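**Q** Counting from 1 along the sequence shown, just add 411 to a position and that's the residue number in our numbering. Glycine included, each C-beta is placed from N, C-alpha and C at the ideal position. Because the structure is a prediction, the values reported are computed rather than measured.
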Amino acid sequence: MLVLNDIIGSVNDEDIAEKLHHHGHHDRIEFIRMNVADTARSRQKVVTDKGTEYGIALSRDKRLYNGAVLLMDEQRAVVIRVNEEEWLRLSPVSADAALELGYNAGNLHWRIRFDGADLLVALEGPAQRYIDRLSGLIDANRVTVVQP
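(1) Among 479, 478, 455, 460, which one has its Cα closest to the Cα of residue 468?
(2) Thinking residue 443 and residue 483 are a contact (beta carbons under 8 Å), I'd like their distance in whole angstroms, please.
(3) Which class does residue 512 belong to by DSSP, given the choice of helix, strand or coil?
(4) Using only the alpha-carbon positions, how far apart do residue 539 and residue 554 sit?
(5) Quick check on the DSSP output: the beta strand (DSSP E) that includes residue 453 runs from which residue to which?
(6) Report the residue from 488, 453, 465, 558 whose alpha carbon sits nearest the alpha carbon of residue 474.
(7) Alpha carbon to alpha carbon, how far is residue 519 from residue 544?
(8) Cα separation between residue 430 and residue 446?
(9) Between residue 557 and residue 470, is the Cβ-Cβ spacing less than 8 Å?
(10) How long is the line joining the alpha carbons of residue 421 and residue 527, rounded to whole angstroms?
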């Protein structure tokens, strides 16, 4: 298994894009699909869309991203493709419920963002797992699950 230990550049870099275009015409681009959470892992074992196994061992100051090129030689190119992130939308019914929801999300170290009064939680597992952790707020009708 080949270990990839650097990010060569981005698919958007002009010189890399030109080489990728050539590799694409000859079906020599391999894609590694991963979830957003996995982009933070500096060491991992992956399999490309063509079934090739690679190890990734980046220095801690590097982070994977959509379009990162990890390998480019005459035979192939290896490119990261990050899956679209799924979000659970939660709507608190009052300011008190919003504070309690925010407290719980922070205490559980969930990655969140806000959209108006709604709290969106980045799903790193089944939505039901998150809903179960908030069952007290949901069952008391203090928080509504807008999008599972």
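**A** Taking the geometry as given:
(1) The residue given as residue 468 occupies position 57 in the sequence shown. When only C-alpha atoms are compared, the closest one is 455.
(2) Your numbering for residue 443 matches position 32 in the sequence shown. Your numbering for residue 483 matches position 72 in the sequence shown. Cβ atoms of residue 443 and residue 483 stay farther apart than 8 Å, at about 14 Å.
(3) Position 101 of the sequence shown holds residue 512. Looking at residue 512 - three-state DSSP - the assignment turns out to be helix.
(4) As a first step, residue 539 must be located in the sequence shown, where it is residue number 128. As a first step, residue 554 must be located in the sequence shown, where it is residue number 143. A straight line joining the alpha-carbon of residue 539 with that of residue 554 spans about 15 Å.
(5) On the sequence shown, position 42 is the one that residue 453 refers to. Residue 453: not part of any beta strand (DSSP E); DSSP gives it neither H nor E.
(6) As a position in the sequence shown, residue 474 is number 63, starting the count at 1. With distances taken between Cα atoms, residue 474 lies closest to 453.
(7) For the purposes of this step, residue 519 is taken as residue 108 along the sequence shown, with counting starting at 1. For the purposes of this step, residue 544 is taken as residue 133 along the sequence shown, with counting starting at 1. Each residue's Cα considered, the two are about 9 Å apart.
(8) Numbered from 1 along the sequence shown, position 19 holds the residue referred to as residue 430. Numbered from 1 along the sequence shown, position 35 holds the residue referred to as residue 446. Separation of residue 430 and residue 446 (C-alpha to C-alpha, rounded to the nearest whole angstrom) is 26 Å.
(9) As a working note, residue 557 is residue 146 in the sequence shown. As a working note, residue 470 is residue 59 in the sequence shown. Judged by their CB atoms, residue 557 and residue 470 are not nearer to each other than the 8 Å cut-off.
(10) Mapped onto the sequence shown, residue 421 falls at position 10. Mapped onto the sequence shown, residue 527 falls at position 116. Each residue's alpha carbon lies about 33 Å from the other.
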